[in-house]
Amino acid sequence: AQSVTQLDSQVPVFEEAPVELRCNYSSSVSVYLFWYVQYPNQGLQLLLKYLSGSTLVKGINGFEAEFNKSQTSFHLRKPSVHISDTAEYFCAVSLDGGTSYGKLTFGQGTILTVHP
Amino acid sequence: NAGVTQTPKFRILKIGQSMTLQCTQDMNHNYMYWYRQDPGMGLKLIYYSVGAGITDKGEVPNGYNVSRSTTEDFPLRLELAAPSQTSVYFCATLQGPNEKLFFGSGTQLSVL
Numbered sequence: 012a013q014s015v016t017q018l019d020s021q022v023p024v025f026e027e028a029p030v031e032l033r034c035n036y037s038s039s040v041s042v043y044l045f046w047y048v049q050y051p052n053q054g055l056q057l058l059l060k061y062l063s064g065s066t067l068v069k070g071i072n073g074f075e076a077e078f079n080k081s082q083t084s085f086h087l088r089k090p091s092v093h094i095s096d097t098a099e100y101f102c103a104v105s106l107d108g109g110t111s112y113g114k115l116t117f118g119q120g121t122i123l124t125v126h127p
Numbered sequence: 004n005a006g007v008t009q010t011p012k013f014r015i016l017k018i019g020q021s022m023t024l025q026c027t028q029d030m031n032h033n034y035m036y037w038y039r040q041d042p043g044m045g046l047k048l049i050y051y052s053v054g055a056g057i058t059d060k061g062e063v064p065n066g067y068n069v070s071r072s073t074t075e076d077f078p079l080r081l082e083l084a085a086p087s088q089t090s091v092y093f094c095a096t097l098q099g100p101n102e103k104l105f106f107g108s109g110t111q112l113s114v115l
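If you're matching them up, the sequences are chains F and W in order. When you number the first sequence by this note's numbering, it's gap-free, plus one each residue, and the end is 127. When you number the second sequence by this note's numbering, it's gap-free, plus one each residue, and the end is 115.
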């Protein structure tokens, strides 16, 4: 079975500063990797996903993530955050193929708080 | 285009009561999922469906039942509510392989 660990439960940062949200996963087979964002009182929205190919993945709202197979990591980064980026961020994995699409294993979440 | 609609948004149940959480989608997606989100925890998969008439258990199915008689609807039933089922429940759909999940806005359930 696969598992996901988000290394920081809360990350406070000042506006326009860079941020990195860390995610490590474990799996004995190949996986798909995702970052989702949850704004207050809303459902989750996809930020970006890694399926195959280039290990640097660009997503919406200026976020990007890098897949590192040797370190089994998929850290999320943004070079300059805005107040509107305040939200909870979830790293998730799904097994590659079959009816595994949509059957995600989520990390515990990281609350990003951007201060003015 | 409404997307994924969940009702109710909030509900308080007494221990032992039953209820159905409704989920309906207008995107004609075959794949549908129910997740629960507990405070400080990631979402956990309860049940899923790959099409009308087909359902299967996820990671935490105990205490829940589902049905999928149409493509649009995927209700989640709690028969004997327990305090451990206090959570936020999310319904989600998937258009197909390698696509993104579309989430509803959630149902916040408290069992007292």
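The C-beta atom is built at its ideal place from N, Cα and C for all residues, glycine as well.
Residue nearest to residue i in terms of C-alpha spacing, selected from the options
{"i": "residue 85(F)", "options": "95(F), 74(F), 92(F)", "result": "74(F)"}
{"i": "residue 61(F)", "options": "46(F), 72(F), 19(F)", "result": "46(F)"}
{"i": "residue 102(F)", "options": "58(F), 30(F), 24(F)", "result": "58(F)"}
{"i": "residue 12(F)", "options": "48(F), 24(F), 40(F), 53(F)", "result": "40(F)"}
{"i": "residue 99(W)", "options": "77(W), 52(W), 68(W)", "result": "52(W)"}
{"i": "residue 88(F)", "options": "16(F), 51(F), 28(F)", "result": "28(F)"}
{"i": "residue 104(F)", "options": "96(W), 101(W), 24(W), 66(W)", "result": "101(W)"}
{"i": "residue 119(F)", "options": "112(F), 33(F), 24(F)", "result": "33(F)"}
{"i": "residue 117(W)", "options": "48(F), 21(F), 52(F)", "result": "Given a span of 4 to 115 for chain W in the structure shown, any question on residue 117(W) remains unanswerable."}
{"i": "residue 63(F)", "options": "72(F), 18(F), 77(F)", "result": "77(F)"}
{"i": "residue 117(F)", "options": "43(W), 21(W), 108(W), 66(W)", "result": "43(W)"}
{"i": "residue 70(F)", "options": "121(F), 20(F), 90(F), 21(F)", "result": "90(F)"}
{"i": "residue 87(W)", "options": "16(W), 77(W), 29(W), 6(W)", "result": "16(W)"}
{"i": "residue 60(W)", "options": "35(W), 10(W), 24(W)", "result": "35(W)"}
{"i": "residue 29(W)", "options": "57(W), 6(W), 110(W)", "result": "6(W)"}
{"i": "residue 27(W)", "options": "76(W), 11(W), 41(W)", "result": "76(W)"}
{"i": "residue 43(F)", "options": "114(F), 19(F), 122(F)", "result": "114(F)"}
{"i": "residue 57(W)", "options": "10(W), 109(W), 33(W), 25(W)", "result": "33(W)"}
Unbroken beta strand (DSSP E) run spanning residue i, endpoints
{"i": "residue 60(F)", "result": "55-61"}
{"i": "residue 93(F)", "result": "Premise fails: residue 93(F) is in no beta strand (DSSP E) and is neither H nor E."}
{"i": "residue 22(W)", "result": "22-28"}
{"i": "residue 105(F)", "result": "98-106"}
{"i": "residue 115(F)", "result": "No beta strand (DSSP E) holds residue 115(F); DSSP gives it neither H nor E."}
{"i": "residue 31(F)", "result": "30-32"}
{"i": "residue 17(F)", "result": "14-17"}
{"i": "residue 72(W)", "result": "It is not in any beta strand (DSSP E) - residue 72(W) carries neither H nor E in the DSSP assignment."}
{"i": "residue 69(F)", "result": "67-69"}
{"i": "residue 59(W)", "result": "57-60"}
{"i": "residue 83(F)", "result": "Unbroken run through residue 83(F): none, as it is neither H nor E."}
{"i": "residue 45(W)", "result": "No beta strand (DSSP E) holds residue 45(W); DSSP gives it neither H nor E."}
{"i": "residue 44(F)", "result": "42-49"}
{"i": "residue 8(W)", "result": "7-10"}
{"i": "residue 79(W)", "result": "79-81"}
7 Å CB neighbourhood of residue i in its chain, flanking five on each side removed
{"i": "residue 47(W)", "result": "38, 39, 62, 63"}
{"i": "residue 37(F)", "result": "13, 14, 83"}
{"i": "residue 72(W)", "result": "55"}
{"i": "residue 66(W)", "result": "81, 85, 88"}
{"i": "residue 67(F)", "result": "75, 77"}
Same chain only: Cβ atoms within 6 Å of residue i, ignoring 5 sequence neighbours per side
{"i": "residue 19(W)", "result": "83"}
{"i": "residue 106(W)", "result": "93, 95"}
{"i": "residue 89(W)", "result": "113, 114"}
{"i": "residue 68(W)", "result": "80"}
{"i": "residue 79(F)", "result": "none"}
{"i": "residue 91(W)", "result": "40, 109, 111"}
{"i": "residue 56(F)", "result": "48"}
{"i": "residue 17(F)", "result": "34, 102, 118, 119, 121"}
{"i": "residue 21(F)", "result": "122"}
For residue i: DSSP bridge partner residues
{"i": "residue 95(W)", "result": "36(W), 106(W)"}
{"i": "residue 147(F)", "result": "Within the shown structure, residues of chain F are numbered from 12 to 127, placing residue 147(F) beyond reach of any answer."}
{"i": "residue 37(F)", "result": "14(F)"}
{"i": "residue 114(W)", "result": "16(W)"}
{"i": "residue 52(W)", "result": "35(W)"}
{"i": "residue 76(F)", "result": "68(F), 87(F)"}
{"i": "residue 90(W)", "result": "112(W)"}
Cutoff 8 Å; reference residue i; Cβ partners in own chain excluding five residues on either side
{"i": "residue 26(F)", "result": "92, 93, 94, 125, 126, 127"}
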